[in-house]
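Peer 1: Structure incoming, see below.
Residue numbers (my numbering): -5 to 170.
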């Protein structure tokens, strides 16, 4: 003879298992949607990165050189007919263009040591520093010299992940 208590306990246990399987199915569906969305977003980011890096450089260094706010020199001829500097005109800063080969090696080495120690070993982006800054949630110190050049040329000073992403792509493209 079957016991009523036993049957009720089995039904209760079955209902609890059914509820747990419904909750499990819901979370599995939620996880699947999340994974699908993540794959789509990462795919877009990857395709965008490959397209930008494989394309032509977005930044024209020659035009950037010509657009610098530099000092203007005014010359006149003296009584002997020699050209002499009469006046220097400049805005807030007195900037004079110096060709790269005229900068002393010690100055170049000092600049690299201060700004980007691994400059000669990476290709525009120092991934170790970039990941370190991202993990520490620090908003300074992750840019390479190339990334700083991109930022100065574009004039974009926003502190956003989108700017950093575009800066990284431009730096990789510039260094290829």
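In this text, a Cβ means the ideal position worked out from N, Cα and C, and glycines have one as well.
Please report the distance separating the alpha-carbon of residue 78 from that of residue 68.
Peer 2: Roughly 9 Å separates the two Cα atoms.
Peer 1: Helix, strand or coil: how does DSSP classify residue 76 here?
Peer 2: The answer is coil: DSSP assigns residue 76 none of H, G, I, E or B.
Peer 1: Out of 161, 102 and 36, which has the shortest C-alpha to C-alpha gap to residue 94?
Peer 2: Taking only the C-alpha atoms, the option nearest residue 94 is 102.
Peer 1: In whole angstroms, give me the CA-to-CA distance for residue 98 and residue 143.
Peer 2: For residue 98 and residue 143, the distance between alpha carbons rounds to 20 Å.
Peer 1: Ignoring anything shorter than 3 residues, give me the beta strand (DSSP E) runs that lie fully in the segment 80 to 116, in order along the chain.
Peer 2: With a minimum length of 3 residues, no continuous beta strand (DSSP E) run stays inside the segment 80 to 116.
Peer 1: Can you list, in chain order, the residues of its chain with a C-beta nearer than 6 Å to that of residue 84? Leave out the 5 residues immediately preceding and following it.
Peer 2: Counting only Cβ-Cβ distances below 6 Å, and skipping sequence neighbours, we find 65.
Peer 1: For residue 88, which residues of its own chain have a beta-carbon under 8 Å away from its beta-carbon, when the five flanking residues on both sides are left out?
Peer 2: Same-chain partners within the cutoff: 65 and 82.
Peer 1: Tell me, which residues are paired with residue 155 by DSSP?
Peer 2: Residue 155 pairs with nothing; no bridge assigned.
Peer 1: Could you tell me whether the Cβ atoms of residue 172 and residue 147 are closer together than 8 Å?
Peer 2: The displayed coordinates of the chain run from -5 to 170. Any statement about residue 172 would go beyond what the structure contains.
Peer 1: Answer yes or no: do residue 131 and residue 161 have a C-beta to C-beta separation smaller than 8 Å?
Peer 2: No, Cβ-Cβ distance for residue 131 and residue 161 is not below 8 Å.
Peer 1: Apart from the five residues on each side of it in sequence, which residues of its chain come closer than 7 Å, Cβ to Cβ, to residue 127?
Peer 2: The residues are 135 and 136.
Peer 1: Where does residue 167 land, buried or exposed, given buried means 16+ other C-beta within 10 angstroms?
Peer 2: With 16 or more Cβ atoms within 10 Å of its Cβ, residue 167 is classed as buried.
Peer 1: Name, in chain order, the residues that DSSP records as bridge partners for residue 67.
Peer 2: Paired residue(s): 82.
Peer 1: Tell me where the alpha helix (DSSP H) around residue 144 begins and ends.
Peer 2: Run containing residue 144: 139 to 148, per the alpha helix (DSSP H) assignment.
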